[in-house]
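Here's the structure, in structure tokens; my notes come after.
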Amino acid sequence: MEKNSFNMISLPENSPHKQETVCIFGAGDFGRSLGYKMLQCGYSIVFGSRKTKTSSLIPKGAEVLHHEEAAQKADIIIVAIQRQHYNFLTKLTEVLHGKVLVDVSNNLKINQYPESNAEYLAELVPGAKIVKAFNTVSAWALQSGTLDASRQVFVCGDDNKAKQRVMDIVRTLGLTPVDQGSLLAAKEIENYPLQLFPMWKFPIYLSIGLSAFFFIYSVIRDVIYPYVYDKKDVSFFIAVTIPNRVCPIVALILLALVYLPGIIAAILQLHRGTKYSRFPDWLDKWMLCRKQLGLVALAFAFLHVLYTLVIPIRYYVRWRLNGYVISQIKANRTDPFNNTNGWISDSYVALGILGFFLFLLLGITSLPSVSNSVNWREFRFVQSKLGYLTLILCTAHTLVYGGKRFLIPSMYKWYLPAAYMLSLIVPCTVLVIKFVLIFPCIDRPLTQIRQGWERSPKDSKHSCYNDSKSAV
Amino acid sequence: MEKNSFNMISLPENSPHKQETVCIFGAGDFGRSLGYKMLQCGYSIVFGSRKTKTSSLIPKGAEVLHHEEAAQKADIIIVAIQRQHYNFLTKLTEVLHGKVLVDVSNNLKINQYPESNAEYLAELVPGAKIVKAFNTVSAWALQSGTLDASRQVFVCGDDNKAKQRVMDIVRTLGLTPVDQGSLLAAKEIENYPLQLFPMWKFPIYLSIGLSAFFFIYSVIRDVIYPYVYDKKDVSFFIAVTIPNRVCPIVALILLALVYLPGIIAAILQLHRGTKYSRFPDWLDKWMLCRKQLGLVALAFAFLHVLYTLVIPIRYYVRWRLNGYVISQIKANRTDPFNNTNGWISDSYVALGILGFFLFLLLGITSLPSVSNSVNWREFRFVQSKLGYLTLILCTAHTLVYGGKRFLIPSMYKWYLPAAYMLSLIVPCTVLVIKFVLIFPCIDRPLTQIRQGWERSPKDSKHSCYNDSKSAV
Amino acid sequence: MEKNSFNMISLPENSPHKQETVCIFGAGDFGRSLGYKMLQCGYSIVFGSRKTKTSSLIPKGAEVLHHEEAAQKADIIIVAIQRQHYNFLTKLTEVLHGKVLVDVSNNLKINQYPESNAEYLAELVPGAKIVKAFNTVSAWALQSGTLDASRQVFVCGDDNKAKQRVMDIVRTLGLTPVDQGSLLAAKEIENYPLQLFPMWKFPIYLSIGLSAFFFIYSVIRDVIYPYVYDKKDVSFFIAVTIPNRVCPIVALILLALVYLPGIIAAILQLHRGTKYSRFPDWLDKWMLCRKQLGLVALAFAFLHVLYTLVIPIRYYVRWRLNGYVISQIKANRTDPFNNTNGWISDSYVALGILGFFLFLLLGITSLPSVSNSVNWREFRFVQSKLGYLTLILCTAHTLVYGGKRFLIPSMYKWYLPAAYMLSLIVPCTVLVIKFVLIFPCIDRPLTQIRQGWERSPKDSKHSCYNDSKSAV
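Those protein sequences? They're chains A, B and C, same order as listed.
The first sequence begins at 1 in the UniProt record's numbering and counts up one residue at a time.
The second sequence begins at 1 in the UniProt record's numbering and counts up one residue at a time.
The third sequence begins at 1 in the UniProt record's numbering and counts up one residue at a time.
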């Protein structure tokens with residue numbers, strides 16, 4: 001929104017329109033910053049404070065009065081003090097009656113108090129119209145005008161008119177009010193600025209865990225093993241070769257884990273014969289972070305692509321290729337072209353490219369602005385159909401990469417299979433079960449269940465399901 | 001919007017505020033799902049049904065009454081039944097008078113009925129305030145809370161207060177209401193969830209057609225021809241080599257087709273001497289899907305880039321390069337560096353990189369959130385100026401790639417020119433006509449026409465236009 | 001928003017609902033286009049004009065009357081005439097009393113008049129309710145329906161009801177109204193369509209300047225120097241080699257310049273002992289365009305990646321590598337593998353890949369739709385923590401690339417150091433100062449200052465700051 005950014009600079013100079021008077025309780029940093037910003041935008045500001053001595057910190061042009069006097073001067077009172085000092089407000093109940101009280105407070109921890117600060121305020125001053133707002137904006141951002149992230153101001157309140165008036169102030173300050181409904185939403189709004197990527201935690205920890213495991217696994221197989229047996233020092237593999245082995249593995253496993261909960265849910269629904277009983281908690285949480293899992297997988301796939309494309313630039317690779325040519329010449333021999341190798345090399349590369357391309361498409365459609373502009377049917381089509389196609393292509397890419405290698409005993413160093421083989425377990429499981437689930441005799445009851453149909457207890461529960469399983 | 005996702009989980013546990021009572025007609029899957037969700041968010045729910053026996057499917061805490069009794073209990077009635085059963089509502093006209101009736105229905109086909117379901121409902125129950133909402137949300141999504149795509153709920157209605165109340169409910173459920181104006185919009189809102197990428201159909205079919213044609217064309221020239229004449233089996237070209245020939249061709253043609261309709265429109269306007277007569281239907285439709293055409297072209301260009309960058313990793317390419325070195329050594333000869341080849345190879349690569357880079361910029365600015373934050377002038381600058389620059393760079397890239405090859409007779413296998421030559425026809429045509437159109441003596445009248453000026457019939461229509469044409 | 005695009009096509013055919021009558025003053029291009037569009041959407045249109053003769057340009061179905069008569073017929077009057085002709089409206093003050101007057105005008109230059117056109121209109125017709133709207137939409141877009149960029153219509157006005165009515169019209173036309181508050185915002189709204197990437201100007205000019213300097217610098221060192229001394233013509237370096245030297249340098253410098261103003265601000269705040277005095281103007285502007293600086297840097301980094309990845313495809317590189325192999329064979333010698341070189345080559349590549357990956361993440365989070373869905377804490381985490389990590393990785397990438405080369409005298413052609421050395425000055429400075437600033441004895445007072453604390457004049461200003469400086 002470049003539109004608004006110049007707003008911030010240009011407004012101070014030309015604000016001939018005088019806006020209404022707003023009272024701010026509390027002359028702490030946030031109160032002062034907000035007052036400064038509002039003065040710039042043409043409001044008259046009166047601070048309500050215990051000591052009415054104007055300090056140098058109070059923005060120029062603002063008045064400082066005792067709480068009661070200040071409250072009388074304005075219709076809208078912004079309460080910029082901490083929750084633990086709210087109780088003095090009970091003495092002002094009369095003056096505050098019918099006025100709009102804006103709660104801007106934040107807590108230090110998520111769910112610190114049983115009720116939200118705004119609801120607590122509403123209990124203390126029952127006659128006032130409480131509106132929650134501004135808590136998502138930082139004092140620093142208000143003053144400096146660098147509001148890149150936090151243009152959105154969540155506003156909620158039970159009185160619609162009061163909410164509208166506060167939203168008008170928000171808009172005048174160059175911010176975007178987002179109506180969040182009744183005061184019930186205050187708790188979430190207060191928790192919101194304390195979060196640090198809550199939905200991303202599980203995917204990121206999982207991917208770090210997987211990466212660490214496969215990194216150590218590959219170091220043992222590819223660095224320590226040759227050092228122990230051949231005294232060959234290939235420690236520099238840690239920089240590019242090993243990461244390029246770990247990244248595709250983690251990406252493939254995470255991608256498969258995006259589709260696994262859907263399959264578990266389908267099996268649960270088939271087993272229970274209804275969709276109306278709740279899933280276990282872990283499954284619910286897993287399903288809610290599928291998007292994040294997929295995006296982390298995409299990040300690893302992207303790293304894999306970059307690591308792969310730089311291969312021919314690496315000194316080690318050039319040195320090895322040169323050595324190969326020189327050895328051929330010294331042996332006075334030219335390797336003939338192997339058509340099978342040509343096919344394997346090219347189809348493996350092609351599968352990878354197509355898989356990555358579809359994966360990227362999935363990632364783009366999960367951008368908020370893109371997913372908002374598609375309807376439910378389109379979103380399902382992309383995320384489900386294209387998603388499974390991506391999984392199939394990436395799994396095939398890994399399978400063809402392996403080729404017949406899994407048959408060669410020398411690949412099992414210290415009896416450890418190559419890391420890529422481990423990576424195939426989850427995706428192959430997911431694909432096989434999914435393949436079973438699209439069999440008509442399983443798909444039909446599942447669709448019925450999802451449309452709200454319930455199996456009566458008399459139904460022979462397992463008939464069809466078992467049949468098809470034995471068929472596979 | 002991670003903000004809202006935790007909303008879904010946390011709300012059930014802490015909803016001390018009691019919301020109003022809402023009545024739901026119809027206890028089908030969608031009605032029950034909506035009821036379940038609303039109960040979670042603190043609403044009291046009463047179902048209106050033919051049979052008032054509480055089935056196990058009805059969410060716990062909801063009441064089930066006969067339609068009439070249920071309707072009396074609430075101010076807002078959600079009609080979650082199918083259109084063909086609406087007529088029983090005429091009997092309830094009296095009870096429903098002045099109440100808010102929310103139509104949530106969807107159809108099975110686009111434009112199934114002459115008027116929208118909501119308008120039909122408004123005719124049946126003239127005293128009620130009809131609001132269309134919730135039809136874009138799926139029952140499954142409501143229950144499971146996995147609302148990635150469909151947070152947006154389009155709301156329309158003729159009564160503003162009724163609409164606001166429904167929008168408040170939408171917000172409380174953690175969804176985003178989007179006001180679509182009067183009930184007139186109901187038809188579109190009902191068609192919306194039935195669409196599957198309507199604007200993408202033409203570009204995608206076109207690109208599939210072009211890809212198929214050029215794929216077969218290249219297979220004939222590059223796989224079948226050497227097999228027939230040299231008995232050389234290069235069938236593995238199908239995996240990477242041929243796709244990497246098809247992708248840039250389709251990308252270039254599609255990119256040119258983005259700019260062709262604008263040029264046809266300009267010629268039409270010049271010819272007619274006015275901008276106020278409608279374009280033919282096909283041109284209108286073509287112009288409306290230019291963005292999608294461009295994005296499909298970008299996808300093909302992206303694939304071309306990936307296919308090109310993996311070239312040095314391919315087994316075939318390494319084998320051929322090794323063979324070249326070995327043959328040089330056997331002949332005891334070192335090819336001297338050819339400066340012209342250096343220039344051609346590097347400038348061809350550089351043009352491709354710059355063209356792709358600008359193409360990507362165009363793609364990024366067409367993301368909804370980015371294009372919303374630029375103004376009309378900026379958007380025109382990017383899409384028109386940068387767009388033509390991209391087309392010029394990509395065409396030049398192809399021309400330099402060809403180099404002097406089009407003069408070599410051996411390139412015309414079976415009298416077929418190389419595929420890249422065919423790909424140059426459309427972009428070169430577009431660029432030449434555009435070049436003619438920016439001649440001042442053509443640009444001036446065109447600008448006038450676009451500013452609303454009309455050529456009177458007496459004007460000598462073709463003078464300037466013809467002059468410049470002969471000049472070129 | 002595909003949703004709305006079909007709107008434009010489908011509406012004309014089925015608009016049974018008759019909307020209200022709207023009057024348009026002025027039958028120029030924009031007035032006619034708007035009238036045409038509104039007729040399509042079901043409104044009755046009456047044009048107010050000096051000459052009431054219906055010309056062929058007036059859309060079919062619209063009436064043309066004298067201004068006074070036309071104004072009487074409608075409640076909403078759209079003033080589609082230029083500001084300099086507004087004064088005739090004073091004669092109509094009586095008729096226009098209480099009516100909604102929509103100002104759609106634009107100026108030719110930014111800040112052309114002291115007050116906005118809408119405010120001027122409000123002065124001329126004091127009894128009317130002035131609403132500013134539609135100025136961001138072009139006449140051409142309204143008619144052709146190709147509204148890709150400009151769906152957003154900024155609306156402002158002092159009368160809320162009048163504003164709501166205009167916003168309803170906007171919505172009916174398939175556009176998105178954006179409420180900008182009171183008429184105070186009219187000036188910005190009028191300036192908005194005249195801007196051409198105002199925040200991008202400085203970053204783009206700066207990057208062009210830097211690119212030009214380093215391009216010429218590199219041409220002198222890498223093309224002219226070998227030509228003068230060795231008579232070697234490597235002019236083709238201009239296409240790929242030199243750009244691939246310039247791009248990473250400019251990217252790194254620009255990235256460092258993103259973090260420099262924050263550091264200068266911190267030093268200023270430490271020096272002044274308060275955050276309440278304004279920064280110098282240039283620093284404020286610099287801080288506001290950091291996002292744009294970063295994105296331009298990302299563009300250069302992206303070009304660098306592409307230029308690097310095509311290296312092995314280039315004719316020159318292949319020729320040189322072949323020559324190297326052939327020379328080795330002729331000398332009957334095989335270079336042994338150098339482990340240090342393996343480490344340097346691979347770690348340099350790995351640092352670059354990780355740096356670019358994080359850089360891309362930063363770019364994605366600065367997309368409007370993504371940055372709107374993160375809170376202030378998350379945004380700070382990404383932009384500050386990840387941002388510095390990116391800068392560290394990219395600087396390390398450049399340092400390792402250089403390796404020990406800066407010690408070799410032959411690298412200083414004509415006493416000019418290699419360009420990459422110059423590029424390290426700014427990022428290293430930034431990183432060193434940042435490292436000093438996170439020392440606890442400096443970080444603590446800085447945090448206090450940023451939380452609103454002020455150093456009283458008696459405080460020994462420099463104690464801690466100086467201490468730590470000498471310590472470093």
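Yeah, the Cβ is synthetic: ideal placement off N, Cα and C, and Gly gets one too.
In this structure A331(C) is exposed. Its beta-carbon is surrounded by fewer than 16 other beta-carbon atoms within 10 angstroms.
Nearest CB-CB separation between F381(A) and chain B: below the 8 Å threshold.
Residues of the region 71–85 of chain B with a C-beta atom less than 8 Å from some C-beta of chain A do not occur.
Below the 7 Å Cβ cutoff, chain A contributes N322, V325 and I326 as neighbours of V325(C), in chain order. The beta carbon of F202(A) sits closer than 6 Å to those of C289, all from its chain and outside the five residues before and after it, given in chain order. By the neighbour-count criterion, in which 16 or more other beta carbons inside 10 Å mark a residue as buried, F300(C) falls on the buried side. Within the model, the alpha-carbon separation for R151(C) versus F134(C) is close to 10 Å. With a threshold of 8 Å between beta carbons, Y120(A) makes no contact with chain C. Three or more Cβ pairs closer than 8 Å define a contact, and the region 172–189 of chain B falls short of that threshold against the region 225–232 of chain B. Chain-order list of chain C residues neighbouring T136(A): N375 and W376, by C-beta distance under 7 Å.
Taken in chain order, the members of the region 23–49 of chain A whose beta-carbon sits within less than 9 Å of a beta-carbon on chain C are G28, D29, F30, R32, S33, Y36, C41 and G42. At least one CB of chain B lies nearer than 8 Å to the CB of F236(C). Residue burial annotation: Q383(B) is buried, with at least 16 other C-beta atoms found within 10 angstroms of its C-beta. According to the DSSP assignment, L65(C) belongs to the beta strand (DSSP E) that extends over E63 to H66.
DSSP places L407(C) in the helix class (H, G or I) of the three-state scheme.
Every beta strand (DSSP E) stretch that sits fully inside the region 109–193 of chain C and reaches 3 residues is listed by chain position as 129–132, 152–157 and 176–179. Interface with chain B (8 Å Cβ-Cβ cutoff): T308(A) is included.
Under the DSSP definition of a beta bridge, G48(A) partners with F25(A) and L65(A). Going by DSSP, D346(B) is part of the alpha helix (DSSP H) stretching over N339 to T365. For V432(A), the enclosing alpha helix (DSSP H) has its first and last residue at I425 to L437. One thing to note: L354(C) has its Cβ within 8 Å of the Cβ of L393(C).
Assignment of V102(C) by DSSP, reduced to helix, strand and coil, places it in the strand class. For I78(A), there is no enclosing alpha helix (DSSP H); the enclosing beta strand (DSSP E) covers residues I76 to V79.
Rounded to whole angstroms, L437(C) and S366(C) show a C-alpha spacing of 26 Å. For L57(B), the three-state secondary structure derived from DSSP is coil. The beta carbon of V370(C) sits closer than 8 Å to some beta carbon of chain A. Going by DSSP, L446(B) is part of the alpha helix (DSSP H) stretching over P440 to R450.
Within the region 220–251 of chain C, no residue has a Cβ lying closer than 9 Å to any Cβ of chain A.
Taken atom to atom, the span from the alpha-carbon of G174(C) to that of D346(C) is near 55 Å.
Taking the CA atoms as reference points, A71(B) sits about 7 Å from L96(B). If you keep only unbroken alpha helix (DSSP H) runs of at least 4 residues inside the region 181–265 of chain C, you get 186–191, 201–219 and 225–230.
If you look at H97(C), you'll find it isn't in any alpha helix (DSSP H); DSSP assigns it neither H nor E. Per DSSP, the continuous alpha helix (DSSP H) segment holding D284(A) begins and ends at D281 to L288. Under a 10 Å Cβ-count criterion, A350(C) is classified as buried, with 16 or more other Cβ atoms of the shown protein chains found around its own Cβ. Residues are counted here when their Cβ sits less than 7 Å from a Cβ of chain A; for the region 171–185 of chain C these are D179, Q180, G181, S182 and L184, given in chain order. No Cβ-Cβ contact shorter than 8 Å links K413(A) with R245(A).
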